[in-house]
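Notes follow once the structure below has been shown.
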Amino acid sequence: MIEAKTSLLDIFSDNLATVLPSPIHTFSERVSNVPNILKLTIGEPDFAIPDHIKQAAVHAIDADDSHYSVSAGTIALRKAASFFLNKRYGLNYEPETEILTTVGATEGIFTILAAILNQGDQVMIPTPAYPVYAEMARINGGKPLFVDVSQDSFILSPKRLRDVIDANDNIKAIILTNPSNPTGVTYTADELEALADVLRETNILVISDEIYAELSYDRAHVSMAKFLPEQTIVVNGVSKSHAMTGYRIGILAGPAALMTEFNKLHSFIIMTPSNPAMAAATEAFSNQQSFQDTIEMKLEYQRRRDFLVTSLSQLGFEVGTPSGAFYIFAKIPQDLIQDDISFANDLVEKQQLAIVAGSGFGPGGEGYIRISYAASMTMLEEAVKRLISYTTLVRDKQLI
Ligand SMILES: Cc1ncc(COP(=O)(O)O)c(C=O)c1O
Numbered sequence: 001m002i003e004a005k006t007s008l009l010d011i012f013s014d015n016l017a018t019v020l021p022s023p024i025h026t027f028s029e030r031v032s033n034v035p036n037i038l039k040l041t042i043g044e045p046d047f048a049i050p051d052h053i054k055q056a057a058v059h060a061i062d063a064d065d066s067h068y069s070v071s072a073g074t075i076a077l078r079k080a081a082s083f084f085l086n087k088r089y090g091l092n093y094e095p096e097t098e099i100l101t102t103v104g105a106t107e108g109i110f111t112i113l114a115a116i117l118n119q120g121d122q123v124m125i126p127t128p129a130y131p132v133y134a135e136m137a138r139i140n141g142g143k144p145l146f147v148d149v150s151q152d153s154f155i156l157s158p159k160r161l162r163d164v165i166d167a168n169d170n171i172k173a174i175i176l177t178n179p180s181n182p183t184g185v186t187y188t189a190d191e192l193e194a195l196a197d198v199l200r201e202t203n204i205l206v207i208s209d210e211i212y213a214e215l216s217y218d219r220a221h222v223s224m225a226k227f228l229p230e231q232t233i234v235v236n237g238v239s240k241s242h243a244m245t246g247y248r249i250g251i252l253a254g255p256a257a258l259m260t261e262f263n264k265l266h267s268f269i270i271m272t273p274s275n276p277a278m279a280a281a282t283e284a285f286s287n288q289q290s291f292q293d294t295i296e297m298k299l300e301y302q303r304r305r306d307f308l309v310t311s312l313s314q315l316g317f318e319v320g321t322p323s324g325a326f327y328i329f330a331k332i333p334q335d336l337i338q339d340d341i342s343f344a345n346d347l348v349e350k351q352q353l354a355i356v357a358g359s360g361f362g363p364g365g366e367g368y369i370r371i372s373y374a375a376s377m378t379m380l381e382e383a384v385k386r387l388i389s390y391t392t393l394v395r396d397k398q399l400i
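Heads up: the sequence shown begins at 1 in this note's numbering, then just goes up one per residue.
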């Protein structure tokens, strides 16, 4: 083993020093070694990729499509993404100038933040939220400005937005997640329009993370870009909609003048995305068959969601029915351990069931747990059995 030169150990940037390892991943990795563990921790679709999408990647490899592309991604993919955004959400983006292919939504969001943040700039994040946003803001010198919306059914209201804007003078961007990880809530057209009316009066950039847009159960997804296209960057991709997390293809869509600058930075980070992955994503975005594939996955997710909502409610968890994504965000019943981290640890210890503690998603997540239902029905049924055993055991003890 090579020991690093001791004097290099504090070589890291001050920004990186503010970043903590993700409590969710630390927990998930730690419990992996527990015998008989059942993990419902990570948002990883369990479906195989449809054959026609795989074949597109295979074809690119066989055709020796093995050279550098362009940093914005192949024009074929950008055209396919433009077609998809138009067909599915009624958005209009020019493939040549207004769409960028990224290495997953992750690199897209990182690129935007790296491009816009100066030291100390604030990034508004309604919470509970995907924890990666705050750390990305910090790495790039920004400061997360958490806005706890747990008391408002997990939806940011225009009044709250206005109050936060009035109380802070350094907000550069807001990250809206619709549908949300971890809560599964989705914004209606009216809610988005009301937020857009407030934001239009400001110079705050809207980063609209719509990676779960295709997994909207109760109504068609509405994009923030419908109401505020001049100020919004839409983040989407094939990771969740097409079960292609490992292909690492995301997209950004927004006004050309902003996209040019994002592309400048993005090209230095990644040079170009991978060709076979782009070929597969082109197929996913452009072939109408994929829309059907997604609908089938969605129906299955919906079945799992309904099963979990019913089962958890019967056990005394407070659960709103999530209208999107594939997570249940449930309040721990009063007669069980109230500290969500201790609860998650106790569940692992007593029943070998791993779920995520809500406090990892920021202010407002305390006292909640997140269960991912991107897992087979058999796994979910087993998870519910273990939860029943757990709650019965704890409640029986309390009676004694
Ligand atoms: C809200 C949200 N945005 C982005 C991502 C990452 O997407 P990708 O795999 O395309 O980078 C995730 C993954 O869990 C997520 O939950």
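The beta carbon of each residue, even a glycine, is placed where N, CA and C say it ideally should be.
Residue state for Asp148 is assigned as strand, using DSSP reduced to three classes. Cα atoms of Ser71 and Pro273: separation of roughly 7 Å, rounded to the nearest angstrom. Apart from sequence neighbours up to five positions away, the residues of its chain that approach Gly367 with a beta-carbon distance below 7 Å are Lys331, Ile332, Gln338, Asp340 and Gly358, ordered along the chain. By alpha-carbon distance to Ile165, the top candidate from Val147, Leu299 and Asn263 is Val147. Secondary structure note for Lys172: its beta strand (DSSP E) is the uninterrupted segment Ile171 to Thr177. With a contact defined as Cβ atoms closer than 8 Å, Pro158 and Val222 miss out at about 16 Å.
At least one heavy atom of ligand 1 lies less than 7 Å from the C-beta of Thr245. For Asp209, the distance from the CB to the nearest heavy atom of ligand 1 is below 7 Å. Here Arg219 is exposed. Its C-beta has fewer than 16 other C-beta atoms within 10 Å.
Set against 7 Å, the gap from the CB of Tyr93 to the closest heavy atom of ligand 1 is not smaller. Using a Cβ distance threshold of 8 Å, Thr111 and Ile269 count as a contacting pair. The Cβ-Cβ distance between Ile211 and Lys240 falls below 8 Å.
In the displayed model, Glu283 falls within a helix according to three-state DSSP. In the three-state reduction of the DSSP assignment, Asn140 falls in the coil class. By the beta-carbon neighbour count (other beta carbons within 10 angstroms, threshold 16), Thr6 is exposed. Across the structure, Pro144 and Phe361 are spaced so that their CA atoms are roughly 13 Å apart. Here the distance from the Cβ of Ala81 to the nearest heavy atom of ligand 1 is not below 7 Å. Look at the beta carbons and you see the stretch 58-74 not touching the stretch 32-49: under three pairs across the two are nearer than 8 Å. Contact between Ala280 and Met224 is absent: CB atoms are separated by about 27 Å, not below the 8 Å threshold. In this structure, ligand 1 has no non-hydrogen atom nearer than 7 Å to the beta-carbon of Gly365. For Asn236, there is no enclosing alpha helix (DSSP H); the enclosing beta strand (DSSP E) covers residues Thr232 to Gly237.
Counting every other CB atom within 10 Å of its CB across the protein chains shown gives Met377 a total below 16, marking it as exposed. If you check the C-beta of Thr41 against ligand 1, you find no heavy atom less than 7 Å away. Within the chosen limit of 7 Å, ligand 1 reaches the beta carbon of Asn181 through at least one heavy atom.
In this structure, Pro45 and Gly184 do not form a Cβ contact; the two beta carbons are roughly 15 Å apart against a cut-off of 8 Å.
Across the set Gln351, Asp10, Pro23 and Ala374, the C-alpha of Gln351 shows the shortest separation from the C-alpha of Ile388. Distance check between Asn170 and each of Leu205, Val394 and Leu176 places Leu205 closest, using alpha-carbon atoms only. Counting C-beta atoms within 10 angstroms of its own C-beta, Gly364 has 16 or more neighbours from the protein chains shown and is therefore classed as buried.
Set against 7 Å, the gap from the CB of Thr272 to the closest heavy atom of ligand 1 is not smaller.
Taking 7 Å as the cut-off, the C-beta of Ser359 does not count as close to any heavy atom of ligand 1. Thr18 and Glu296 have their C-alpha atoms some 42 Å from each other.
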